[in-house]
Structure formats: structure tokens, C-alpha cells
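A quick write-up on the structure given underneath.
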Amino acid sequence: MLKVNHINVYYGKIHALKDVSFEVQDGEVVALIGANGAGKSTTLKTVSGMQRTRTGSIEFLGENITHTESHKLVYKGLAHVPEGRRIFLQMTVLENLEMGAYIHKNPTKAELDDIFARFPRLLERKNQIAGTLSGGEQQMLAMGRALISHPKLLMLDEPSMGLAPILVEQIFDIIAELHKTGTTILLVEQNAEMALRIADRAYVLESGAIKLSGTGKELAASDAIKKAYLGG
Numbered sequence: 002m003l004k005v006n007h008i009n010v011y012y013g014k015i016h017a018l019k020d021v022s023f024e025v026q027d028g029e030v031v032a033l034i035g036a037n038g039a040g041k042s043t044t045l046k047t048v049s050g051m052q053r054t055r056t057g058s059i060e061f062l063g064e065n066i067t068h069t070e071s072h073k074l075v076y077k078g079l080a081h082v083p084e085g086r087r088i089f090l091q092m093t094v095l096e097n098l099e100m101g102a103y104i105h106k107n108p109t110k111a112e113l114d115d116i117f118a119r120f121p122r123l124l125e126r127k128n129q130i131a132g133t134l135s136g137g138e139q140q141m142l143a144m145g146r147a148l149i150s151h152p153k154l155l156m157l158d159e160p161s162m163g164l165a166p167i168l169v170e171q172i173f174d175i176i177a178e179l180h181k182t183g184t185t186i187l188l189v190e191q192n193a194e195m196a197l198r199i200a201d202r203a204y205v206l207e208s209g210a211i212k213l214s215g216t217g218k219e220l221a222a223s224d225a226i227k228k229a230y231l232g233g
């Protein structure tokens with residue numbers, strides 16, 4: 002579904018991504034893990050067209066999207082839930098979901114019902130101003146807004162950031178449920194333990210380069226990963 006080939010991304014003179022290559026197959030959950038500043042968010046931003054690579058290519062569903070504008074990628078089936086949620090704070094929950102469905106003009110009742118079934122809290126809050134939601138509710142809204150566009154690939158950037166442990170469990174339960182229903186997910190997450198628990202495969206980023214890759218189970222069992230990311 003997604004093939005990233007030898008991308009190199011710079012912020013001025015800073016070499017943020019160094020010859021990064023990876024793949025995401027249809028139906029997989031693939032995790033990118035690593036310390037803060039390792040290049041995880043930059044990788045997602047480059048895939049979704051918000052940053053540009055100087056080299057290499059990015060292919061989505063067999064099409065080269067390396068230079069495709071971000072808004073056009075949504076129409077192709079790529080949805081990005083950015084770090085920090087980035088919901089429309091002054092709009093209601095329902096208005097945020099309607100914005101997510103803009104590529105269909107308006108969400109149908111069935112589409113809204115599907116989102117509310119996945120996120121019952123949003124149904125309770127549908128007429129509430131989004132900026133008054135809790136952090137966990139805002140994350141659910143950001144995910145719902147992305148899902149209502151019917152993405153073929155859902156990219157999640159740090160969905161557990163800033164959330165209480167019980168809410169982290171809820172968010173990862175939702176991600177696991179999306180996986181079961183066939184949604185393909187590329188997950189960036191500092192909580193390596195949770196990410197590896199649900200990932201089919203994972204890549205470890207260090208200083209902008211991929212240092213390790215394997216199945217979620219393989220990396221979770223790795224002594225190097227335990228020492229560096231799992232407190233083992």
C-alpha cells in the first residue's frame with residue numbers, strides 16, 4: 002500500500018531523515034518507534050506532503066505521490082491525524098466531523114452513525130464546542146474526523162501523547178479494533194510497549210535513520226529494544 006524509498010529530509014542544514022525506506026502492506030498496523038526527535042513525525046509529514054524529500058520516492062497504491070499536494074492525498078485515501086490533534090477548537094464535534102467528510106460534500110447519517118458507534122463519547126458531545134473536550138475526547142474526535150473520509154491508510158502521530166493511562170488503553174483498544182475491521186494503519190508512537198503490542202511490524206528510528214525492523218513480537222522481545230524503550 003505504501004512504499005517509502007530512500008527519502009532524505011532537511012530542516013535548513015539539519016538532516017532530519019537519513020535515507021529512510023520502509024513499507025506498509027494492505028491491512029497491517031506498522032509502528033514507527035523511537036525517542037523524541039528521532040524523525041518519526043517528520044516521516045509522517047513527508048508521506049502526507051507537508052514536508053518534501055530531496056531524494057528518493059514515496060508510492061501509495063502503486064502511484065508516485067512524492068510531489069503530490071497534501072489536500073489531493075486525502076482524495077486518494079490517505080488520512081493523517083497529526084501530533085497535537087489539530088481539531089477545529091471553535092467548532093462543535095459535529096462540525097469537525099463534517100469537515101472531515103468534505104471530500105463527499107456532506108457526511109451521510111450512516112457515516113456519522115458509524116463514527117458515533119466507534120466513539121460513543123462523541124455522540125454524547127456532538128453539539129459541544131471541541132475546544133472544551135478533554136484530551137482523550139479530542140483525540141477520539143481527531144481520529145473520527147480522519148475516519149469519516151474513508152481512508153485506505155490511516156496515519157496516527159502520537160495518539161497517546163498527554164493522556165492518562167486509562168485513556169491510553171482506550172485509544173489503543175480503538176486502534177486494535179480498527180485493525181480487526183481491515184483498516185491499514187501507520188502508527189508513530191513514543192509508547193513503544195503499547196505500539197509493539199498491536200503492531201504487525203515495526204521500525205525503530207534513531208537520529209533520523211532506521212536502525213532496526215521486525216515484527217512487533219520480535220522487537221518487543223529484543224534485549225536492545227527492552228533496554229532502550231521498554232525499561233527492561
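Using my numbering, you'd call the opening residue of the sequence shown number 2 and step up by one each time. Virtual Cβ for every residue (Gly too), placed ideally from N, Cα, C.
- For Ala203, the CB contacts under 8 Å within the same chain, skipping 5 residues up- and downstream, are Val31, Ala32, Leu33, Ile34, Ala196, Leu197, Ser214, Gly215, Thr216, Gly217 and Leu220 in chain order.
- Taking the Cβ atoms as the reference, Ser22 lies roughly 20 Å from Met51, outside the contact range of under 8 Å.
- The continuous stretches of beta strand (DSSP E) do not include Ile66, and DSSP gives it neither H nor E.
- Across the structure, Lys127 and Asn192 are spaced so that their CA atoms are roughly 29 Å apart.
- At least 9 Å separates the beta-carbon of Thr47 from that of Val75.
- Close CB contacts of Ala102 within its chain, under the 7 Å cut and outside five residues either way in sequence, are with Pro108, Glu112, Ile149 and Ser150 (chain order).
- A contact is defined here as three or more CB-CB pairs under 8 Å, and the stretch 151 to 160 meets this definition with respect to the stretch 183 to 191.
- Counting along the chain, Arg146 sits inside no beta strand (DSSP E); it lies in the alpha helix (DSSP H) bounded by residues Gly136 to Leu148.
- DSSP places Met156 inside the beta strand (DSSP E), whose first and last residues are Leu154 to Asp158.
- Listed as beta-bridge partners of Glu125 by DSSP are no residues whatsoever.
- Annotation for Lys181: the continuous alpha helix (DSSP H) segment containing it runs Pro166 to Lys181.
- Membership of Leu79 in the beta strand (DSSP E) is indicated by the continuous run Leu79 to Val82.
- Under DSSP, no beta-bridge partner is assigned to Glu219.
- Rounded to whole angstroms, the gap between the alpha carbons of Gly40 and Leu95 is 33 Å.
- Cβ contact annotation for Ile186 (same chain, cutoff 8 Å, sequence separation greater than five): Glu29, Val30, Val31, Leu154, Leu155, Met156, Leu157, Ile176, Leu179 and His180, in chain order.
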